[in-house]
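Novice:
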Amino acid sequence: CYDKYLRKSLEEAAEASGHDSSWGIPPNNAGSYNSKPQDTKFFCYGGDYNRPRGCFFLNWYSQCLIDHGDRVLAMADLALEGAALAAKLSGMHWWDETVSHGVERTAGFCDGYDPIASMLKKRETALNFTCVKPEGFVWQVLKAAWSSCVIVASENALPCYDRRGYRKILEVAKPRNEPYGRCISSFTYRGLNQTLLEQHNLTEFALFVKKMHGTLSSSISI
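Per this note's numbering, the very first residue in the sequence shown carries number 479; after that it's consecutive.
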């Protein structure tokens, strides 16, 4: 948020909200890419992220990104003349169990995933989500999307050739505890290579595909 146009936007937002000029300056104590939350004054326990000025900045930042996504999807729909659209959401789950959720907030996911899901619903855009763990984090994203009636697609982020990995994908794609029977609409397997084509790996992959087209994710345990 050090782009001059974003800085101007932040200053205008602070002024419009009746705050003094200091609220129009982004925080300088949030650390860097590799900082741990507890090592920064912004994302540590009881840090600035949870104070009025910090909350104001994070809400403004998140809304800027959501508005940008809304504009991009509007232009894409216009250019592609009604083609089905999907937006990929990164699984920013590092430090998910910390109170501040610093990684998610740094990525612009400030107030859960409901605002993003609402924007996608407005543009009739599917959500492509690659993350399959941790379970609580994944369920939070799926619940937000499905509550807004947004179609969810998925893909594997890392290579997967064994039954344990496929079972984890199945548990996310077809959750047994989903009260309305909702599931992932489609799945893209990434990793077609010579390793996958080895006979034992190809056999496991074929079983995985059959289970994805079946009705019970638990039956993968055979």
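Ideal placement from N, C-alpha and C gives every residue a C-beta, glycine not left out.
These numbers come from a predicted model, not from an experiment.
Could you spell out the range, first to last residue, of the beta strand (DSSP E) harbouring Asn537?
Specialist: Unbroken run through Asn537 is the alpha helix (DSSP H), 530 to 558; no beta strand (DSSP E).
Novice: Taking the alpha helix (DSSP H) that Lys689 belongs to, which residues open and close that run?
Specialist: 677 to 690
Novice: Can you tell me the Cα-Cα spacing of Ala491 and Gly502, whole angstroms?
Specialist: 7 angstroms
Novice: Mind checking whether Arg583 and Leu543 have CB atoms under 8 angstroms apart?
Specialist: no
Novice: Which partner residues of Leu605 appear in the DSSP bridge assignment?
Specialist: Residue pairing by DSSP places Leu605 opposite Ala565, Val630 in a beta bridge.
Novice: I need the boundaries of the alpha helix (DSSP H) containing Ser596, first residue and last residue.
Specialist: 592 to 600
Novice: Using a Cβ-Cβ cut-off of 8 angstroms (strictly less than) and excluding sequence neighbours within five positions of Ala631, which residues of its own chain qualify?
Specialist: Closer than 8 angstroms at the Cβ level, and outside the excluded window around Ala631, lie Ala564, Ala604, Leu605, Asn606, Phe607, Ile662, Ser663, Ser664, Phe665, Thr666.
Novice: Cutting at 7 angstroms between CB atoms, please list the residues of its own chain near Arg660, excluding the five before and the five after it.
Specialist: Trp624
Novice: According to DSSP, is Phe615 helix, strand or coil?
Specialist: Reduced to three states, the DSSP call for Phe615 is helix.
Novice: For Ser420, which residues does DSSP report across the bridge?
Specialist: Outside the displayed span of the chain (479 to 700) sits residue 420, for which this structure offers no information.
Novice: Applying the 10 Å Cβ sphere with the 16-neighbour rule, what's the burial state of Lys689?
Specialist: buried
Novice: Going by C-alpha distance, which of Cys627, Val616, Asp481, Cys609 is nearest Glu602?
Specialist: Cys627
Novice: Once you ignore the five residues that flank Ile629 on each side, which residues in its own chain have a CB closer than 6 angstroms to its CB?
Specialist: The beta carbon of Ile629 is closer than 6 angstroms to those of Ala604, Ser663 in its chain, skipping five residues each way along the sequence.
Novice: Output needed for Arg641: all residues of its chain with C-beta closer than 6 angstroms, excluding positions within five of it in sequence on either side, in chain order.
Specialist: Glu682
Novice: With H, G and I counted as helix, E and B as strand and the rest as coil, what does DSSP make of Arg642?
Specialist: helix
Novice: How far does the alpha helix (DSSP H) with Ala491 in it reach, from first residue to last?
Specialist: 482 to 494
Novice: Would you call the stretch 577 to 597 in contact with the stretch 512 to 527, where contact means no fewer than 3 C-beta pairs closer than 8 angstroms?
Specialist: yes
Novice: How many Å lie between Glu559 and Pro657 at the Cα?
Specialist: 36 angstroms
Novice: Using a threshold of 8 angstroms, state whether the C-beta atoms of Cys609 and Tyr539 are closer than that.
Specialist: no
Novice: Less than 7 angstroms between C-beta atoms, sequence neighbours within five positions excluded: which residues of the same chain meet that for Asn679?
Specialist: Tyr639, Thr673
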